[in-house]
Amino acid sequence: MYAVELRGISKKFGDILANDNIDLAIKKGEIHCLLGENGAGKTTLMKILFGLYSKDSGSIFINNQEINIDSPRKAIDLGISMIHQHFMLVNRFTVTENIIAGEEPSKGIFIDEKEALKRVEEIAGRYNLRINPTAVIEDISVGEQQRVEIIKALYRKAEILILDEPTAVLTPQETEELFQVMRELKNDGKTIIFITHKLKETMAISDRVTILRNGKKAGTVNTAETDPVQLARMMVGRDVLLQVEKSEREKNNVIFEVKDLSLKNVSSNLSLKNVNFQIEKGEILGLAGVEGNGQLELEEAIMGLRPIEKGTFILNGRDISSFSTREKRNTGMAYIPSDRLKRGLIESFTIEENVMLGSEWKPPFAKRGIIDEDKIKEYTEKIIKEFDIKCSSTKARVSELSGGNQQKLLIGRELLADPEFILASQPTRGVDVGAVEYIHNLLLQLRDRGKGILLISAELDELRSLSDRIMVIYEGRIVAEGRTEDFTEEELGLLMAGQEVEVLQS
Amino acid sequence: MKIIEKIKNMSFLANILYSILAIIFALIIGAVLIFLSGHNVINAYYNLFYGAFGNTYNLSQTLLKTIPLIFTGLAVAVSFQCGLFNIGGEGQLYWGAFATAITAITFAKLPGPVLIPLSILAGAAAGGIWGIFPGYLKAKTGAHEVITTIMLNYIGILGTTFFLKNYFKADGPVDQTVFIPESTRLKELIPYSRLTWAIFIAIFTVILLDLFFKKTSAGYDMKAVGQNISAAEYAGISTSRVLIMSMCLSGAIAGLTGSTMVLGVLHRFITNFSPGYGFTGIAVAVLGRNKPWGVFLAALLFGALEAGGMSMQLFARIPSDLMTIVQGLVIIFVAAPAFIQVIGKLIPVRRGAGLDE
Ligand SMILES: Nc1ncnc2c1ncn2[C@@H]1O[C@H](COP(=O)(O)OP(=O)(O)OP(=O)(O)O)[C@@H](O)[C@H]1O
Ligand SMILES: [Mg+2]
């Protein structure tokens, strides 16, 4: 029996055919993975199923009954819940308040808080979802927020769960934990639709996989009968190198150096203690670590966005410690921040407006404070062409772009000024395998052209295949540093978890 | 949230269409109210429109009432573009009026063509400085500008009164300064209408601001900070400087309200001269969607309702308060998303066509 059946679903956004006559059948009690490049139409399809978007044509069957889902309310009543990549929680409410919002158990006109707590704890206990029901959302980790979203769905009696890229923001341990929960849900008869870009995860957790390409269905396969190479080929339509080739390099001059950096983040109580490192021309230095161990503080300190206690930054032999963010950018530093929508791009602005962000006072974009729109358009077109960004026009809003295309746009903008040193934080988060391959190759090209790159990433595979050297950060301290070949994956994992490891130093 | 996003992103035409719909609905409800209070609706609305646009003099009265609302509306819109909510227009315009009057009186010997711009500049500067305080507090300490500007309104209104009473009061029972010199009074466009070329200063300000936000790097910075302050900061924009600048600009424009009132209409500084222009400016900005030309049209509408309402009161004997109600209804319809849903139900809209998350 099929829990969900979509037949001939189509959806157009202006000229873009986001979903083109898609059939999708999800068996009851399975974990079904939805794969596809950025912009392939996965989120759109799921939003149609969840009643957020209206479909142009096609029909939806839930438990073999045709139903017109015209609002999320209706979807929820049918037992469908969607957990978006950007959580929809009220930051200042507690975990319990968020879970029960809209469906509070009541005692007369009052909320029955005891009953609420009891129900929440019961669900959490049944599926091993570790949460603190009385904590306030803004104080808890992303992983925990996600568990809250899942409990919220289960509290609303969800039988069909849609998870849109749930692992993009999780650490490897949190991902493993989430998978454990998903398996328990499956054992309990729930149906799960799971969107991801990571083929490893697809192979690990799903029963069947449906691949979308350019808004069309490319096929459905049983996970047991496929492999990552085939999946990648179905997604992209060509062979994808899942592992990039890196050339040998020779010793070169130091391009960027951090000396004795210390700082304290008052709000999170995390301190960076005596961080020291050098990056040579043509070198990629990878920074490994579980998120929240000081990577963000380090990024921000380097870019002059966070006050430091002591420390020196040297770029090309020049002390730039006292430079403002703008001056640093103007002297050849580029920065790809980890959270592109929060810190890198302005969603409500057009692509053109985002391209000029940060260069809005500089020629050729502006002369004496007056903006030159033709020049901006010209450069935007160049970036779109060079980085193969899929969009309707240079005046499309960034919020209309898919995640991968947003990331390409951000990278394109940052590389526009031909920087000497690039600080790239999570550069491939949320982007598809084709774009990952592209971005990885681009970073290696930049390296071969003599740029220095500091690569901050939570993906060990990415770090190991790109970096010449790797540092591991744990609780604000660099706990290990060495050539990439000197670490095994296990050693890196242990170091990231804060354990002492004897690493052979060369 | 979805719907608010939607309004923000509606195209220009849809916006205008929607505003016109809101006005029509408001007028219909107004008609019902007039009918219920036992008056002739046709007669009332005839007088309303005649009083607002019927002849040159009536039109001039509409424009006269429009001028201060253009300035205060622009002031709110400018701060809003930068993500700030300047409720302090009232305090800022009092300082603007005060500084303009004192400058004109103090330097009475200067020739008009020099003194007029100087007095206007003094008014803008005074309003601007009054705007810098909440801007600075916001940028450096995070103090919410809504709270600080409300507080500064009291200080501004009472502060100008204090200086007036103690240092600049003309003889007589009324708290007012002496008249400003003849040479500094703006020329009337139509005799006895009190409509001066202050209207052109207002329109010129609209044009300048429109260009400022569309064409200049500084205007871009303000919008960027308003839309996503983190991304702006990460891109190297000095956000605290931009926040302070936008409040200063907003205050300066509010200050111009006072300047043009003094030079064009009052010809002196009087306490409590403003019937709440600063606050009406908020409504004007909302209706004008915080765009300079939108503000202009919204101010014109409010000016017309006010001028027409007065003639309605005079000739049809219907309290002009009714038009204040209509003004309120327009705002509610424009600002309240639920209203759109009702219309949306009548006209089936395709969901998921715009910014939807
Ligand atoms: N609200 C919208 N308005 C206009 N175009 C949209 C909108 N939402 C999506 N699109 C377009 O529809 C296409 C499909 O987008 P969708 O978000 O479904 O992709 P996706 O497969 O989820 O990609 P990603 O992996 O990057 O999240 C894209 O080309 C996107 O630009
Ligand atoms: Mg998506």
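Those protein sequences? They're chains A and B, same order as listed. The first sequence: position 357 = 358 (my numbering), numbered continuously. The second sequence: position 96 = 1113 (my numbering), numbered continuously. Each residue gets a CB set at the ideal place from its N, CA and C atoms; glycine is no exception.
- Rounded to whole angstroms, the Cβ separation of residue 1149(B) and residue 1246(B) is 19 Å, and the two are not in contact under 8 Å.
- The beta carbons of residue 1066(B) and residue 1325(B) sit closer together than 8 Å.
- Interface annotation for the segment 342-358 of chain A against chain B: 342, 343, 344, 345, 346, 347, 348, 349, 350, 354, 355, 357 and 358, criterion Cβ-Cβ distance under 9 Å.
- Listed as beta-bridge partners of residue 1157(B) by DSSP are no residues whatsoever.
- Along the length of the segment 314-402 of chain A, whole beta strand (DSSP E) runs at least 3 residues long occupy 334-337, reported in chain order.
- Between residue 37(A) and residue 214(A), the C-beta spacing is below 8 Å.
- The C-alpha of residue 371(A) is placed about 14 Å away from the C-alpha of residue 1239(B).
- Neighbours of residue 336(A) in chain B, taken as residues at a C-beta separation under 8 Å, are given in chain order as 1251.
- Across the structure, residue 350(A) and residue 274(A) are spaced so that their CA atoms are roughly 38 Å apart.
- Cβ-Cβ separation between residue 1285(B) and residue 1197(B): approximately 6 Å, consistent with a contact (criterion under 8 Å).
- Within the segment 276-317 of chain A, the runs of alpha helix (DSSP H) at least 4 residues long that lie entirely inside it are, in chain order, 296-303.
- Closest option to residue 288(A), judged by alpha-carbon separation, among 15(A), 493(A), 78(A) and 167(A): 493(A).
- As summarised for the segment 212-239 of chain A, the continuous beta strand (DSSP E) elements at least 3 residues long and confined to that stretch are 217-223, given in chain order.
- Note on geometry: alpha-carbon atoms of residue 1322(B) and residue 1334(B) lie some 15 Å from one another.
- Within the segment 1308-1327 of chain B, no residue has a Cβ lying closer than 7 Å to any Cβ of chain A.
- Residue 1244(B) has a beta carbon lying within less than 8 Å of a beta carbon in chain A.
- The shortest C-alpha to C-alpha distance from residue 1109(B) to any of 1266(B), 1349(B) and 1350(B) is the one to 1266(B).
- A straight-line Cα-Cα distance of about 15 Å links residue 386(A) and residue 405(A).
- Residue contact check for residue 1079(B) against chain A: no CB pair falls below 8 Å.
- With a threshold of 16 other beta carbon atoms within 10 Å, residue 72(A) falls short and is exposed.
- Here residue 410(A) is not near residue 425(A), since their CB atoms are 8 Å or more apart.
- Counting only the Cα atoms, residue 1114(B) lies some 15 Å from residue 1171(B).
- Annotation for residue 1086(B): 1294, 1297, 1298, 1301, 1316, 1319 and 1320 place their beta carbon closer than 7 Å to its own, counting only its chain and skipping 5 residues before and after.
- DSSP, read as helix, strand or coil, puts residue 1260(B) in helix.
- Residues of chain A whose Cβ lies closer than 9 Å to the Cβ of residue 1238(B) are, in chain order, 361 and 362.
- At a beta-carbon threshold of 7 Å, the residues of chain A lying near residue 1241(B) are 347 and 358, ordered along the chain.
- Proximity of the beta carbon of residue 403(A) to ligand 1 is indicated: a heavy atom of the ligand is located closer than 7 Å.
- Taking residue 85(A) as the centre and dropping the five residues before and after it, the same chain places the C-beta of 165 closer than 6 Å to its C-beta, in chain order.
- Proximity of residue 307(A) to chain B, defined by a Cβ-Cβ separation below 8 Å, is not satisfied.
- Contact between the segment 1225-1233 of chain B and the segment 1122-1139 of chain B is absent: fewer than 3 CB-CB pairs across the two stretches fall below 8 Å.
- Bridge pairing for residue 33(A): 194(A) and 209(A) [DSSP].
- In terms of beta-carbon proximity, residue 367(A) lines the interface with chain B, with at least one pair separated by less than 8 Å.
- Beta-bridge analysis with DSSP links residue 11(A) to 58(A).
- Between the C-alpha atoms of residue 486(A) and residue 497(A) there is a straight-line separation of about 17 Å.
- With a threshold of 7 Å, the Cβ atom of residue 44(A) counts as near ligand 2, since some heavy atom of the ligand is closer than that.
- Taking a contact as a CB-CB distance under 8 Å, the pair residue 1163(B) and residue 1102(B) counts as one, their CB atoms being some 5 Å apart.
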